[in-house]
Amino acid sequence: MSTVSQLPDRGWSRSYELGVVQEVLLALLAKEASYGYQLRARLQLALGPLADSLNPGHVYVTLGRLEKTGLVNSEHIEQSDRADRKVYALTGAGHDRVKEWLDDTSWPKPAPAQFHLKLVAAAVAGLADPVRLVDAQRHALLEALGAAQHAALAEADGAVASLLLEGVVLRLQADLRWLEACARFWSSKGDR
Amino acid sequence: MGKVFLVSRLALADVRRHPLEAGLLLLAITAATATLALGLVLHGVTTSPYQRTRAATAGPDVVAGLVNLKLPPKVRKGPLRSGHETIFGTGEQPSKARTASFDALAHAPGVLAHSGPYPVAWATLGVHGITAGVAAEGRDRATANVDQPLVTKGSWVGSGDAVVEQGYANALGIHVGETITLNGHSFTVSGLAVTAAVPEYPDAESAFGVAPFPHPGLVWVTRAAAQNLAGTHPLSYLLNLRLRDPVKATAFVDARTNLPLSLVSAQTILQKDAKLVEVEQTALTIGSWLLGLLAIASVAVLVGGRMTEQARRVGLLKAVGATPALVASVLLLEDLGLALLAATAGLLIGWIAAPLLTTPGAGLLGSAGAPSLTIATIGLVTGVALAVALFATLAPALRASRLSTVRALANAARTPRRRVALIALSTRLPVPLLLGIRLAARRPRRALLGALSIAITVTTIVAVVTVRAHQASQKIAGFSAIDNPRTDRINHALLVVSVVLIVLAAINALFITWSTAIDARHQLAIARALGATPAQIGAGLTAAQLIPALPGIILGIPAGIILVAALSHGDKTVVPGTWSLIAVSAGTLLVVSALTTIPARIGARRPVAEILQAELT
Amino acid sequence: MERVGSLLRARGLCREYGTGAALVSAVKNIDLDVNAGETVAVMGPSGCGKSTLLHLLGGLERPSRGELQLAGRRMDGLSEKALARLRLSTIGFVFQAFHLVEELTAAENVELPALLAGRSMRAARARAAALLEEVGLSDRAGHLPSALSGGQRQRVAIARALSSEPEIVFADEPTGNLDSASTLDVLRLLERLRVAGQTLVIVTHDERIAATADRLISMRDGSFIEEMRLAHGSSTRLGELAGFER
């Protein structure tokens with residue numbers, strides 16, 4: 059996950075992708091074969107408000123990729139009153155992949171090193187006050203935290219998407235705590 | 336042995352940690368024991384002085400009195416009583432038969448010698464602007480063989496002279512050389528004397544059996560003067576008898592109760608003389624009971640205030656393996672030890688202060704000598720002190736020792752009681768009463784003790800007021816109100832008891848308010864944070880004290896009157912006037928209010944934030 | 004009523020304890036303006052004086068020096084009695100330790116300010132019922148604090164603080180004693196108050212609460228260090244924070 063601060067805000071952007079969508083779709087198909095739109099609906103439910111930022115075609119593109127790699131099979135269904143639809147089903151290889159994914163305990167990597175090195179570099183090169191950098195970053199994260207918190211509060215009680223938002227919030231909180239520690243360190247360094 | 340040592344050390348450590356509470360406990364119990372000791376020590380204090388007087392004056396074994404009064408025709412009563420009551424207007428007309436039986440006594444079997452009959456005139460005495468009634472006994476210049484009053488100052492009777500009984504002279508402030516009037520005639524006081532034949536003032540009438548006015552004084556004049564003073568009224572007479580066997584004096588008197596005369600034995604006279612001190616003793620003893628009750632309430636309040644802390648100590652002790660018995664003994668030892676100390680202090684005070692009260696009366700010779708502390712006295716005082724402490728601390732100590740270790744360590748502080756009805760009631764009332772009711776309802780036991788303390792105090796004050804009212808009603812029309820030594824002593828003793836009691840009760844009230852404020856400081860701090868003004872808080876604390884004070888007052892007023900009635904042995908009890916009762920009630924409420932504002936003000940100084948912060952620790 | 008100027012205004016506010024060598028300055032020369040409807044959060048390490056500052060602003064303690072104005076009235080010179088009246092009518096205070104009266108039910112706790120203000124029993128009861136409804140605890144009205152969870156207790160405390168419709172509500176570490184689930188409940192409630200236009204000044208450790216404020220002030224050693232205005236951003240970038248990639 060890259061740090062958020064320096065990216066320009068593109069407004070209503072729907073151009074994100076989610077790396078893990080491949081495995082998720084495989085898992086969703088493990089129970090039974092589904093239409094593409096059904097899979098997309100399930101995904102949207104799980105992601106809640108965040109689903110809006112996902113590229114709308116992302117699901118279908120991924121399904122195509124999965125078909126190419128032989129993890130999924132598709133079938134055309136003829137419809138009388140509307141466009142033809144594809145039904146997707148899992149192959150044996152697909153099942154294995156799902157099992158592998160579920161058993162995998164590796165965790166997405168955080169990257170404190172990036173910001174840490176930024177501060178060190180700024181201090182060494184004398185280009186910027188590390189404390190100012192930390193404050194700016196804190197500001198941005200706080201705003202993000204605010205947004206995430208609001209989104210979380212907007213969710214209905216018990217909605218599964220609120221769990222996702224809680225995750226965002228708590229990780230931001232952890233990051234902010236670390237930033238506080240950075241501020242203390244660099245300001246005391248500056249006092250000497 | 337080790338256990339005793341351990342227990343003592345723990346108890347001592349606790350006392351040192353709370354010197355103020357220990358001191359108050361000591362004070363409360365000492366007040367009760369000292370008063371009791373004083374009362375007990377006064378017993379039998381008059382005997383020696385009486386014997387001395389009897390020896391010095393050749394006192395009689397039996398005194399006979401014949402009282403003749405001219406009565407209005409319609410007031411005719413029965414035979415003379417040889418009792419001690421004086422009723423205005425009783426007595427009998429002179430009759431030959433009565434005079435005959437009176438004179439015959441001088442030669443009755445068993446009589447060794449006699450003096451008299453001496454004429455007695457009832458006269459009005461005037462001196463220093465005071466008017467009083469006296470019996471003027473006519474005497475010879477020559478020394479009588481039975482009952483020759485001993486002149487302590489000045490000289491014996493002469494023409495135009497009067498000798499005043501010493502007790503009476505003291506009460507009226509009469510000195511040798513002064514001029515008094517008897518029935519308007521001037522007399523010079525030539526001397527003061529004591530006698531064993533007539534009980535000293537104010538009980539002189541006992542020698543006569545009856546008198547035209549209560550509490551007559553006794554003066555001696557010449558026979559001629561006595562006859563002059565009587566004027567057209569018939570004379571009364573006194574006859575002093577010495578028996579062959581002095582021990583038979585009572586029998587002599589008992590054998591002649593049917594006679595329409597008054598006969599008293601020396602023993603009875605001694606009793607009358609002793610009555611002076613006796614009433615003081617009674618007042619002090621009753622006072623010590625009341626103080627004892629108050630002390631129980633005080634100690635209970637003090638102990639109650641320590642309960643939460645005790646629970647924690649109990650927990651610690653149990654956690655290191657102490658048995659419930661050991662724990663209870665630590666808790667009890669402290670209080671009982673202080674009680675023993677209080678008993679000792681009380682006995683000491685009683686022993687030291689007794690000489691101030693043991694003067695047998697000016698009408699007898701000499702002092703009573705050093706009071707002695709008998710084993711019985713020591714035992715009783717110590718027993719009372721221990722009983723007071725035990726009453727107040729046994730139940731809490733047992734309860735504390737039975738707490739399970741975990742609960743005790745967790746300091747299961749006595750959770751305040753929640754009374755739904757009272758809380759609901761309080762919401763309808765203005766803020767001070769709202770706070771007051773809730774504060775009082777949290778700790779009902781403390782409220783009860785407060786009410787009891789007030790009840791005991793009001794009982795005492797009302798009893799004093801009733802006694803005073805009774806004394807005031809004794810005034811006779813036409814005569815000045817003179818305090819006689821008996822009332823003086825009663826009032827003195829009552830004053831001492833009242834002052835000590837009021838001081839203790841005041842300390843009690845202060846302490847209860849203080850512990851209420853401490854106990855409720857969280858709730859009060861919240862109230863202040865929410866916007867209650869310091870004045871409202873103070874008023875609430877005061878209301879919390881006044882609310883239990885009201886039933887205390889309502890209980891105390893009849894209790895005081897009943898107490899006096901019970902002690903008056905059937906004398907008609909005078910109920911004190913409504914205004915004085917209202918004054919007592921209002922005064923009590925005012926004093927309680929004033930006392931409670933002190934801790935309230937102190938508490939109101941601290942900023943709210945500080946108190947709330949402190950509650951977190 | 005339209006008010007010109009800020010609702011709460013502090014100038015040179017100081018609070019010192021002790022004297023001479025033992026002098027401790029808890030709050031040093033604070034200037035602050037809070038406008039009606041604003042939510043201000045104050046953050047800082049422990050011991051920085053933020054709680055003391057809140058106590059000063061809320062009239063629970065007197066400043067050693069400085070000016071303090073609330074709703075146009077000077078607060079710093081008021082008597083204890085006047086301050087109490089102010090706390091009753093204009094200020095609501097929420098504490099970290101809740102400070103509910105243990106032996107009163109939730110409803111009885113909430114009706115306390117109304118009773119202290121002299122309102123009738125019926126009016127006080129009705130107000131308490133309405134407030135408990137607002138915080139979602141009507142079904143717990145008859146429970147003692149000991150039977151309530153931390154979050155529920157704090158919500159009762161908030162209901163109590165709202166009793167007199169205060170112009171400003173001060174909250175001192177409102178979620179300091181709460182677990183995460185309770186924190187969320189309180190957070191939800193505070194957010195509702197903020198949206199409804201209640202002026203809030205919150206001292207907090209919790210970044211989540213701070214992030215929902217309009218202004219965030221950092222405090223250290225008794226002084227303000229910096230102030231941030233937080234724009235309430237949209238959730239478009241949240242995807243990145245959740246793991247989406249471009």
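Residue numbers (the working numbering), protein chains in the order written: chain A, 59 to 250; chain B, 336 to 952; chain C, 4 to 249. Where is the CB? At the ideal position from N, CA and C, for every residue including glycine.
C-beta neighbour in chain A for residue i, strict 8 Å
i	result
C:T42	no
C:L240	The question names Leu, but residue 240 of chain C in the sequence shown is Arg. At least one chain A Cβ lies under 8 Å of C:R240.
C:T215	yes
C:L107	no
C:A199	no
C:E5	With a pLDDT of only 49 at C:E5, under the threshold of 50, the placement of this residue in the model should not be trusted; the figure read from the coordinates follows. C:E5 does not count as touching chain A.
Anticipated Cβ contact below 8 Å, residue i with residue j, distance rounded
i	j	result
B:P883	B:A786	4 Å
B:P767	B:Q645	About 32 Å separates the two Cβ atoms, so there is no contact after all.
A:L83	A:T120	6 Å
A:V130	A:G152	6 Å
B:I825	B:V614	5 Å
For residue i, the nearest candidate out of the options (CA to CA)
i	options	result
C:V104	C:R156, C:H58, C:F173	C:R156
A:E75	A:A99, A:E81, A:N113	A:N113
B:G566	B:W457, B:I853, B:L708	B:W457
B:G493	B:G468, B:L361, B:D475, B:L661	B:D475
C:L11	C:L107, C:F96, C:I171, C:D188	C:I171
B:V755	C:L135, C:L63, C:H146	C:H146
B:T370	B:L626, B:P934, B:A878, B:A782	B:L626
B:I917	B:V800, B:V529, B:Y572, B:V556	B:V800
B:E500	B:V926, B:A531, B:V554	B:V554
A:L160	A:L108, A:V78, A:L222	A:V78
C:G15	C:E210, C:S92, C:D79	C:D79
C:R195	C:I212, C:F96, C:A132, C:R240	C:I212
B:V649	B:L637, B:S664, B:V636	B:S664
C:E19	C:L151, C:R65, C:A132, C:D34	C:R65
B:L770	B:L757, B:T923, B:L890	B:L757
Short CB-CB distance (under 8 Å) between residue i and chain C
i	result
B:L341	no
A:Q102	no
B:R737	no
A:Q231	yes
A:V218	no
B:T932	no
B:A317	Here chain B has residues from 336 to 952 only, and residue 317 of chain B is not among them.
A:A194	no
B:A935	no
B:R777	yes
A:G201	Gly is not the amino acid found at residue 201 of chain A; the sequence shown has Glu there. Closer than 8 Å: yes.
Short CB-CB distance (under 8 Å) between residue i and chain B
i	result
C:P148	no
C:M124	yes
C:A133	no
C:A129	no
C:F96	yes
_Any alpha helix (DSSP H) of 4 or more consecutive residues that is wholly inside the stretch 73 to 119 of chain C_ = 83 to 92, 109 to 119
*Using a Cβ-Cβ cut-off of less than 7 Å, give me the residues of the stretch 152 to 174 of chain C that come near chain B, in sequence order.*
none
_Minimum length 3: unbroken beta strand (DSSP E) runs contained in the stretch 872 to 945 of chain B_ = none
*Check distances from the C-beta atoms of the stretch 852 to 877 of chain B to those of chain C and list, in chain order, the residues that come in under 7 Å.*
Only those residues of the stretch 852 to 877 of chain B whose C-beta falls short of 7 Å from the nearest C-beta of chain C are listed: Q858, I861, A862, R863, A864, L865, G866, A867, T868, P869, A870.
*With 7 Å as the C-beta to C-beta threshold (strictly closer), list the residues of the stretch 751 to 771 of chain B near chain C in chain order.*
Of all residues in the stretch 751 to 771 of chain B, only P751, R753, I758, T762, R763, V766, L769 place a beta-carbon less than 7 Å from a beta-carbon of chain C.
_Unbroken stretches of the alpha helix (DSSP H), 4 residues or longer, contained in the stretch 485 to 546 of chain B_ = 501 to 507, 540 to 543
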